[in-house]
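Undergrad:
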Amino acid sequence: MKKIKILTFISLLPLFAAAQSTGFTISGKIGNLNKPVKIYLDYSDNGSGGTDSTVLVDGKFSFKGNSPGYSTARISLDHTGEGKQASIFKGGDNIYFYFTNEHMNIVSNDSLINAKVTGSKVYDDYAAYNKTIGGSIMEIDRIANGRFSSGTPEQQKDTAFIKTIDKWFRAKIVDRTNKQIQFAKDNPHSFFAVVALTESAGSKLDVAQVEPIFNAIDEKWRTTGLGQQFAKRIKAAHTIVVGDMAPNIALNDAEGKPVSLASLKGKIVLIDFWASWCEPCRAEGPNLKEQYKLYKDKGFEILSVSLDTDKKNWLKAIADDGLTWLQVSDLKGYRSDVVQSYGIGGVPSFFLIDRTGKIIANADIQGAPLNKRLAELFKN
96 MKKIKILTFI
106 SLLPLFAAAQ
116 STGFTISGKI
126 GNLNKPVKIY
136 LDYSDNGSGG
146 TDSTVLVDGK
156 FSFKGNSPGY
166 STARISLDHT
176 GEGKQASIFK
186 GGDNIYFYFT
196 NEHMNIVSND
206 SLINAKVTGS
216 KVYDDYAAYN
226 KTIGGSIMEI
236 DRIANGRFSS
246 GTPEQQKDTA
256 FIKTIDKWFR
266 AKIVDRTNKQ
276 IQFAKDNPHS
286 FFAVVALTES
296 AGSKLDVAQV
306 EPIFNAIDEK
316 WRTTGLGQQF
326 AKRIKAAHTI
336 VVGDMAPNIA
346 LNDAEGKPVS
356 LASLKGKIVL
366 IDFWASWCEP
376 CRAEGPNLKE
386 QYKLYKDKGF
396 EILSVSLDTD
406 KKNWLKAIAD
416 DGLTWLQVSD
426 LKGYRSDVVQ
436 SYGIGGVPSF
446 FLIDRTGKII
456 ANADIQGAPL
466 NKRLAELFKN
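Under the numbering used here, the very last position in the sequence shown is 475; numbers go up by exactly one each time.
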């Protein structure tokens, strides 16, 4: 039985910036752990940031660097020496947070999840924000998976038991989203008002709801990297609507050859914004392969736009998943002009384009709804 998965946390947790002049230090001690235990740091602000790693010595570690602004970060602890990817997706001993050029200290007897973090006002503000909205996505996910793990082997095979946990999980996310909207309304002087709006907005923006809240937030937060990115999403949401012409996409494929959406006029096109690191994106792959097989000879094309920033990871995912349709990327992630022109706030995101280049479905057209729509379009 697979664990209940969160949806693209990294895809639904964006980045924002503010100028800083000094560097950061993140140091700590996790028990008395030694080699092969390794700790990894990844941080980014609007596409700029860095990565680092180090082996623990008697539990101690230290990272130094310069955050380009207020960055979102992930620290993951590899207890077995299997590498970063295993520590993120298998080990699960990760913490996610915002920070800037401060001096943070992380201490725990056994794991990152149980660590106490001191020295960072941004981290403290982020923790207070999460407490107000009912916890981070990761915290809610851990509770849900803990409930599943505490069940007997018989319960873990029981559909009703699984549905009960899933219902609780979904209700918590809805409640969290509502609290985020309220937080943004109540705290216009906070960084995390913008964070709250960006996280709660999801992949499909409700402009009528969020735009007036966003406009009420202090200008200094609206003009951070995060704020500017969200403003572009609002602008795109006014133009990326059903019935309008889809903005052109002109990017290179994996071999460096240019591909454009304009060149596909005359075909029904599914634009697929995805990334190699996005589990829900890749989970949709088998269905896309089936639909492509059914309709490609009838004038159906898929144009997959990757938000990857590492070409090796992008190409590996294409090969591993056996994706045979058009694949393009500028390897700029959320900083890509194409990604921003479509107002992408999380992946996967899909747009269905008719033969004249007009949008006929957007953002949430996937799975069964996509299959039904394609069957209707190609019924003759």
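Note that the Cβ used here is the ideal one computed from N, Cα and C, for glycine as well.
1) How many Å lie between residue 343 and residue 422 at the Cα?
2) For residue 434 and residue 368, which I take to be in contact (beta-carbon distance under 8 angstroms), what is that distance rounded to the nearest angstrom?
3) Are the segment 321 to 337 and the segment 259 to 269 touching, with three or more C-beta to C-beta distances below 8 angstroms?
4) DSSP three-state call for residue 352: helix, strand or coil?
5) Can you tell me where the beta strand (DSSP E) holding residue 429 begins and where it ends?
6) Bridge partners of residue 396, per DSSP?
7) Taking the alpha carbon of residue 448 as the reference point, which residue from 364, 208, 160 has its own alpha carbon closest?
8) Comparing C-alpha positions only, which one of 376, 157, 135, 355 sits nearest to residue 182?
9) At which residue ranges does the segment 187 to 259 contain complete alpha helix (DSSP H) runs of 4 or more residues, listed in the order of the chain?
10) Going by C-alpha to C-alpha distance, which of 177, 164, 163, 149 sits closest to residue 170?
11) Taking the alpha carbon of residue 214 as the reference point, which residue from 195, 133, 426 has its own alpha carbon closest?
12) Does DSSP put residue 135 in a helix, a strand or coil?
13) I'd like to know if the segment 215 to 225 and the segment 187 to 204 are in contact, where contact means that at least 3 CB-CB pairs between them fall below 8 angstroms.
14) Between the Cα of residue 331 and the Cα atoms of 139, 288, 123, 439, which residue gives the shortest distance?
15) From the DSSP output, which residues share a beta bridge with residue 167?
16) By Cβ distance below 7 angstroms, which residues in the same chain neighbour residue 376 in space, the five residues on each side in sequence not counted?
17) Taking residue 407 as the reference, give the member of 391, 420, 393, 424 with the closest Cα.
18) Return the CA-CA distance between residue 158 and residue 191, expressed in angstroms with no decimal places.
19) Alpha carbon to alpha carbon, how far is residue 126 from residue 467? Give it in angstroms, no decimals.
20) Are three or more beta carbon pairs between the segment 389 to 401 and the segment 350 to 361 nearer than 8 angstroms?
21) Hey, residue 166 and residue 139: beta-carbon distance below 8 angstroms or not?
22) Tell me the rounded alpha-carbon separation between residue 462 and residue 203.
23) Helix, strand or coil for residue 148 per DSSP?
24) Between the Cα of residue 160 and the Cα atoms of 168, 154, 119, which residue gives the shortest distance?
25) Expressed to the nearest angstrom, what Euclidean distance is found between the alpha-carbon atoms of residue 246 and residue 238?
26) DSSP three-state label for residue 183, please.
27) As a quick exercise: from 340, 265, 346, pick the residue whose alpha carbon is nearest that of residue 360.
28) Please state whether DSSP places residue 157 in a helix, a strand or coil.
29) How many Å lie between residue 97 and residue 251 at the Cα?
TA: On the basis of the coordinates in this document:
1) Approximately 15 angstroms, taken between the alpha carbons.
2) About 7 angstroms separates the two Cβ atoms, so the contact holds.
3) When Cβ pairs closer than 8 angstroms are counted between the two stretches, the segment 321 to 337 is seen not to touch the segment 259 to 269, the count staying below three.
4) Collapsing the DSSP output to three states places residue 352 in coil.
5) Where residue 429 is concerned, there is no enclosing beta strand (DSSP E), given that its DSSP letter is neither H nor E.
6) Looking at the DSSP output, residue 396 bridges to 364.
7) For residue 448, the nearest C-alpha among the options comes from 364.
8) Distance check between residue 182 and each of 376, 157, 135, 355 places 135 closest, using alpha-carbon atoms only.
9) Runs of the alpha helix (DSSP H) inside the segment 187 to 259: 216 to 228, 232 to 244, 248 to 251.
10) A check of alpha carbon separations from residue 170 across 177, 164, 163, 149 identifies 149 as the nearest.
11) Closest by alpha carbon: 195.
12) DSSP places residue 135 in the strand class (E or B) of the three-state scheme.
13) Yes: the two stretches touch, three or more of their Cβ pairs being nearer than 8 angstroms.
14) Closest by C-alpha distance to residue 331, out of 139, 288, 123, 439, is 439.
15) Among the bridge pairs identified by DSSP, residue 167 is matched with 139, 193.
16) These residues qualify, in order along the chain: 369, 370, 442, 443.
17) With distances taken between Cα atoms, residue 407 lies closest to 424.
18) Their Cα atoms are separated by approximately 16 angstroms.
19) If you draw a straight line from the Cα of residue 467 to the Cα of residue 126, it is about 54 angstroms long.
20) Yes, the segment 389 to 401 touches the segment 350 to 361.
21) Closer than 8 angstroms, so yes.
22) For residue 462 and residue 203, the distance between alpha carbons rounds to 43 angstroms.
23) In the three-state reduction of the DSSP assignment, residue 148 falls in the strand class.
24) For the set 168, 154, 119, the Cα lying nearest the Cα of residue 160 is the one of 119.
25) The alpha-carbon separation between residue 246 and residue 238 amounts to approximately 13 angstroms.
26) Helix.
27) Considering only 340, 265, 346, the residue with the shortest C-alpha distance to residue 360 is 340.
28) Note: residue 157 maps to strand in three-state DSSP.
29) Residue placement at residue 97 cannot be trusted, given a pLDDT of 44 that sits under 50; what the coordinates show is reported in the next sentence. Approximately 10 angstroms, taken between the alpha carbons.
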